[in-house]
Amino acid sequence: MTATTATPPPTPARPETWYNGVDEDCNGGSDYDQDGDGYDAILGDGNDCDDEDAAINPGAAEDVSNGIDDNCNDSVDEDPSKTDTDGDGLTDLEETEAGTDPSKTDTDDDGIDDKDEIDLGTDPTNPDSDGDGATDGEEQDAGTDPNDDSEVPGGDSGGDSGADDTDEVGSDDTEDIGQADDTGIGGGNVDDKDGGCSTTGTGTNPGLLAGLLGLVGLITRRRRS
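Here it is, written out as structure tokens:
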């Protein structure tokens, strides 16, 4: 009979065995980031070309004189002030100085490229620059200001969780009837002339109204006689 050895369960006292997909030491870290630089090794479908040296990773600044591919872009000693690894319009040196990832066009995954964020004045490392709960990309799409927490997508530009009252008449925009709308009864239709939804209804028939008035007069005369 062949003896089998049971694998002991993960425990903080156990040493870590790298790249086996098991967190033996229970520290919550990636089993594919041996050097702890925040980038998984190529072996673990990451892009860290040297997972035993924390100074070498896609976010590192390139040393132009050490003969090493410090930033894992498959080039050695290239000038970071002239190289744009991710093609986002910022050089690798500018990205390093800004704290963004030179190998990733949108470091914070908010839907806006790093260079565009810098041009807009938003934080390229924070998906929600103004902290209002909407990402910078969502705000840009909605036309609100990603640097102003009083403006959020969805019509609450006052930041009070209520719908806006743009014309300041005491009712919010969701209840207002457009100024050009025909709200008269006689025509039978409520026409919308400002692009909203029109409402169709039955108006008052003038003949019916005259008949009712005549009937009331007849009843009154009979009572007097």
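Residue numbers 34 to 258, in my numbering, belong to the letters of the sequence shown in order. Heads up, the beta-carbon is just placed ideally off N, CA and C, and yes, glycines get one too.
CB contact flag (residue i, residue j, <8 angstroms)
| i | j | result |
| --- | --- | --- |
| Asp169 | Ser162 | yes |
| Asp178 | Glu184 | yes |
Assigned secondary structure, residue i (DSSP; H/G/I helix, E/B strand, else coil)
| i | result |
| --- | --- |
| Asp146 | coil |
| Thr232 | Here Thr232 scores only 49 on pLDDT, less than 50, and its place in the model is too uncertain to base an answer on. |
| Ala88 | coil |
| Asp119 | coil |
| Asp169 | helix |
| Ala46 | coil |
| Ala94 | coil |
| Asp174 | helix |
| Asp125 | helix |
| Asp81 | strand |
| Gly220 | For Gly220, the predicted structure reports a pLDDT of 47, less than 50, and the residue's modelled location is therefore unreliable. A value from the coordinates is still provided. If DSSP states are grouped into helix, strand and coil, Gly220 belongs with coil. |
| Asp64 | coil |
Contacts around residue i, its chain only, beta-carbon distance under 7 angstroms, and the 5 residues preceding and following it disregarded
| i | result |
| --- | --- |
| Pro157 | Ala131, Thr133, Thr140, Asp141, Asp147, Glu150, Ile151 |
| Asn53 | Asp64 |
| Asn159 | Asp141 |
| Asn80 | Tyr72, Pro91, Cys105, Ser136 |
| Ile252 | none |
Rounded distance between the beta-carbons of residue j and residue i, thought under 8 angstroms
| i | j | result |
| --- | --- | --- |
| Thr138 | Gly120 | 7 angstroms |
| Glu85 | Asp103 | With 8 angstroms as the limit, Glu85 and Asp103 do not qualify as a contact, their Cβ atoms being about 14 angstroms apart. |
| Asp78 | Tyr72 | Contact flag wrong, Cβ pair sits at about 11 angstroms. |
| Asp182 | Gly164 | 6 angstroms |
Cβ neighbours of residue i in the same chain (closer than 6 angstroms, five flanking residues each side left out)
| i | result |
| --- | --- |
| Ser136 | Pro91, Thr118, Asp119 |
| Asp125 | Pro113, Thr116, Thr118, Pro135 |
| Pro123 | One detail in the question is off: residue 123 reads as Leu in this sequence, not Pro. Cβ within range, chain order: Asp147, Lys148. |
| Asp70 | Ala87, Asn90 |
| Arg47 | Glu57, Asp58 |
| Trp51 | Gln67 |
| Cys82 | Cys105 |
| Glu293 | Nothing about residue 293 can be read from this structure; the chain reaches only from 34 to 258. |
Option in the options with minimal Cα separation from residue i
| i | options | result |
| --- | --- | --- |
| Glu127 | Ile89, Thr44, Glu95 | Glu95 |
| Ser98 | Asp110, Asn80, Ala87, Cys105 | Asp110 |
| Asp174 | Gly187, Gly100, Glu57 | Gly187 |
| Ile75 | Val55, Ile252, Asn106 | Asn106 |
| Thr129 | Gly144, Asp143, Ala93, Ile145 | Ala93 |
Residues near residue i by beta carbon distance below 8 angstroms, same chain, minus five either side
| i | result |
| --- | --- |
| Pro45 | Asp58, Cys59, Asn60 |
| Gly100 | Val109, Asp110 |
| Gly154 | Asn180 |
| Gly144 | Thr168, Asp169, Gly170, Glu171, Gln173, Asp174 |
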